[in-house]
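What follows is a set of notes on a single structure, which appears directly below.
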Amino acid sequence: MDKKTIIRTLERIALLMELQGENPFKVSAFRKAAQTLELDSRSLSEMDDPTKLKGIGAATGGVITDLLQDGESTLLLELEKQVPQGLVEMLQIPGMGGKKIAKLYAELGIETLEGLREACEKNEVQALAGFGKKTEEKILKELDQLASRPERYPIWKLEPIVEHIESLLKNHQDVSNASVAGSYRRTKETSKDLDFVIATDHVESVKEMLKKSLDIEEMIADGDTKMSVALAKPERVDVDFRFVVESEFASTLHHFTGSKDHNIRMRQLAKEKDWKISEYGVEKEDGTVTTYASESEFFADFDLPFIPPSIRESGQELDRLDELKDLVQLENIVSDLHMHTTWSDGAHSLEEMIEGCIAKDYKLMVITDHSRYLRVANGLTPERLREQNEKIKELQKIYPDIHILSGTEMDILPDGTLDFDDELLAELDFVIASIHSSFSQPQEKIMERLFAAVSNPHVDMIAHPTGRIVGERDGYEPDVEQLLQWAKEYDKIVELNANPYRLDLAVPWLERAQELGVKVAINTDAHHLDHLRFMDIGVRHAQKAWLTKETIVNTWEPKKLLDYLSRN
DNA sequence: GCCGTTTTCGGCCCGACTGTTTTCAGTCG
1 MDKKTIIRTL ERIALLMELQ GENPFKVSAF RKAAQTLELD SRSLSEMDDP
51 TKLKGIGAAT GGVITDLLQD GESTLLLELE KQVPQGLVEM LQIPGMGGKK
101 IAKLYAELGI ETLEGLREAC EKNEVQALAG FGKKTEEKIL KELDQLASRP
151 ERYPIWKLEP IVEHIESLLK NHQDVSNASV AGSYRRTKET SKDLDFVIAT
201 DHVESVKEML KKSLDIEEMI ADGDTKMSVA LAKPERVDVD FRFVVESEFA
251 STLHHFTGSK DHNIRMRQLA KEKDWKISEY GVEKEDGTVT TYASESEFFA
301 DFDLPFIPPS IRESGQELDR LDELKDLVQL ENIVSDLHMH TTWSDGAHSL
351 EEMIEGCIAK DYKLMVITDH SRYLRVANGL TPERLREQNE KIKELQKIYP
401 DIHILSGTEM DILPDGTLDF DDELLAELDF VIASIHSSFS QPQEKIMERL
451 FAAVSNPHVD MIAHPTGRIV GERDGYEPDV EQLLQWAKEY DKIVELNANP
501 YRLDLAVPWL ERAQELGVKV AINTDAHHLD HLRFMDIGVR HAQKAWLTKE
551 TIVNTWEPKK LLDYLSRN
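Following the UniProt record's numbering, the numbering of the first sequence begins with 1 at its first residue and continues without gaps.
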């Protein structure tokens, strides 16, 4: 029996109970028990007695005991018998929760999506108490859309939408403050919808502007303080707008940035002081409501430092405040170790990229164009690479304020050899190795290729180690644990590729890398000057794994990094 | 269902919106 199975069982029980229309507090007790186990970093065998944990009582503890003893839970088996499978799918329908689904099942015997459709078409649903004509119509409409709508949208699809909406808001005369909130602001890889908080004294005028400027497929809600729409283009994504007055902006932004668990922890903190947090401010013990000019002031009122949105997740961030001072920040970044120029498939010249990095106040940069194997990307032959190397040396004299290193992003070929020989690699300041081909090879072969790179003395870093595209493809699925072990053993850097398409490695692997003491570099892999801005997303992604400045080599001063690179 | 020393019963984070009602339940975040 492993911890994951226990957690999944408790969550499944909660879900099935919800579908029975159970008391929501009872349902959440099972969810909380699952979360308690999840948040405990110990494995099951390291735990003395999991049933003694706070939040686990007689019933949830009984489930754990059952699983440990018999490998199954009688409670779950019982529930699975009582609750038809099809009810779980009904939860995907917006507006349908446990209570309504339980009622439809109890009174009309509806247990599948198809059954629900038939009942609606026969107008049986609107006859139930608590249901009506509109509910029935809405269910039918949502059933039609169910198959076509993705559950979550990757960050790179949302980014242009967010930029567009933020610019609309910031350029509107009646908007004094506006920000995206929700999981997007927390830099989650994917989001279910978008949330915006808007400070204004003229809600109607801002709403009118948004209705006119956005391509809206459906108005989901249209109230005095909140408007929800489904966009038609470029994605059918739901967007929520919350309107507040300027003085409430900071606390509303905090509230709608979440996460839910972070907010619950904050509310518990407030409760200990006999205060009450709402999105409009903090109600003190004497009944007065305090508002804040910024989130920093809000946290300060609780004697807390500013907690970056990226780490507001499990609520456990409040137990790790002493680690905040070491957490990597954008202003700590002094170099970018992976970028392309017109020499291969980049859009800008060497000079332009150098000036772009100087504009970012970087102290060091590495030019890493593709190697010859990557024909589609105009990969450099050894001759052209040597030529580029010479050119960079000349440019270094023209730009003395930044260290310009000569590097390559060298392909690891499908047969497990490297694209350049050791003699050439030895002439370079920095060598990246990466896989761009034959993703579908068996893991064993992929690992053979990665080992060839890691074990080569000239290779400094493995770029985008899994080849994944967020929300699109899993990449070549290497044994990342093994790769990280090798990186430790051979003292190599693994990349956190900051391009929002990639964000590779993913957060759990970054946590593991730091745990093992493996060095990480956050790089933009810029193919365009504009891509240098991805550093910000990369840093926030790194924060989600609680990576420290020390772990991230591009926070290091040039001397320290150069010393490391000349270690052999 | 779980918790707790101002509690072993009564609250559990809190508020907006919709659709159903005719004062509120359900859902959502």
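We treat Cβ as the ideally placed atom computed from N, Cα and C, and that holds for glycine.
Predicted model, so just to flag it, every value in this text is computed and none were measured.
Can you tell me the Cα-Cα spacing of residue i and residue j, whole angstroms?
i	j	result
residue 20	residue 299	40 angstroms
residue 275	residue 258	19 angstroms
residue 400	residue 355	12 angstroms
residue 248	residue 6	42 angstroms
residue 136	residue 224	26 angstroms
residue 121	residue 94	18 angstroms
residue 43	residue 323	23 angstroms
residue 205	residue 221	17 angstroms
residue 109	residue 25	26 angstroms
residue 552	residue 532	17 angstroms
residue 116	residue 215	31 angstroms
residue 481	residue 509	8 angstroms
residue 352	residue 529	8 angstroms
residue 569	residue 209	Outside the shown range of the chain, which is 1 to 568, sits residue 569, and nothing can be said about it.
residue 537	residue 40	28 angstroms
residue 518	residue 363	23 angstroms
residue 217	residue 207	15 angstroms
residue 425	residue 380	13 angstroms
residue 183	residue 228	16 angstroms
residue 455	residue 490	6 angstroms
residue 251	residue 296	10 angstroms
residue 194	residue 58	40 angstroms
residue 569	residue 81	What the structure shows of the chain is the stretch from 1 to 568, and residue 569 is not part of that stretch, so it cannot be assessed.
residue 497	residue 241	32 angstroms
Around the C-beta of residue i, are 16 or more other C-beta atoms found within 10 angstroms, so that it is buried, or is it exposed?
i	result
residue 256	buried
residue 415	exposed
residue 74	exposed
residue 157	buried
residue 238	buried
residue 365	buried
residue 60	buried
residue 567	exposed
residue 495	buried
residue 46	exposed
residue 9	buried
residue 581	One cannot answer for residue 581 here, as it falls past the ends of the chain, which runs 1 to 568.
residue 98	buried
residue 226	exposed
residue 349	exposed
residue 321	exposed
So, residue i versus residue j, is the Cβ gap smaller than 8 angstroms?
i	j	result
residue 573	residue 231	Nothing about residue 573 can be read from this structure; the chain reaches only from 1 to 568.
residue 412	residue 367	no
residue 291	residue 243	no
residue 514	residue 479	no
residue 33	residue 62	no
residue 328	residue 301	no
residue 1	residue 67	yes
residue 562	residue 520	no
residue 535	residue 333	yes
residue 486	residue 439	no
residue 113	residue 71	no
residue 377	residue 418	no
residue 511	residue 542	no
residue 50	residue 64	yes
residue 338	residue 402	no
residue 277	residue 265	no
residue 159	residue 500	yes
With a CB to CB cut of under 8 angstroms and the five nearest residues on each side skipped, what residues in its chain are close to residue i?
i	result
residue 569	As shown, the chain starts at 1 and ends at 568. That puts residue 569 outside it, with no answer to give.
residue 153	190, 191, 192, 235, 237, 471
residue 488	516, 517, 518
Taking 6 angstroms as the limit between beta carbons, can you name the residues of its chain near residue i, skipping five residues before and five after?
i	result
residue 185	257, 309
residue 168	213
residue 53	36
Leaving out five residues on either side along the sequence, give the residues of the same chain with a beta carbon under 7 angstroms from the beta carbon of residue i.
i	result
residue 124	108
residue 407	366, 367, 368, 428, 429, 430, 431, 432
Quiz item: Are at least three pairs of beta-carbons, each pair with one atom in the segment 144-164 and one in the segment 120-135, less than 8 angstroms apart?
Solution: Fewer than three beta-carbon pairs drawn from the segment 144-164 and the segment 120-135 are found closer than 8 angstroms, and the two stretches are therefore not classed as touching.
Quiz item: Should the segment 185-200 be called in touch with the segment 469-485, which here means at least 3 C-beta pairs below 8 angstroms?
Solution: Counting Cβ pairs under 8 angstroms, three or more are found: they touch.
Quiz item: If we count Cβ pairs, one from each stretch, closer than 8 angstroms, do we get three or more for the segment 197-216 versus the segment 169-179?
Solution: With the rule of 3 Cβ pairs closer than 8 angstroms, the segment 197-216 counts as touching the segment 169-179.
Exercise. Pair every Cβ in the segment 136-148 with every Cβ in the segment 455-462, then say whether three or more of these pairs are closer than 8 angstroms.
Key: Under the 8 angstroms Cβ criterion, the segment 136-148 does not count as touching the segment 455-462, having fewer than three qualifying pairs.
Quiz item: For the 8 angstroms Cβ check, are there 3 or more pairs between the segment 494-511 and the segment 316-324?
Solution: Contact annotation: the segment 494-511 does not touch the segment 316-324, with fewer than three C-beta pairs closer than 8 angstroms.
Quiz item: Is the segment 387-395 in contact with the segment 338-351, if contact means three or more CB pairs nearer than 8 angstroms?
Solution: The way I'd put it, the segment 387-395 does touch the segment 338-351; three or more beta-carbon pairs between them come closer than 8 angstroms.
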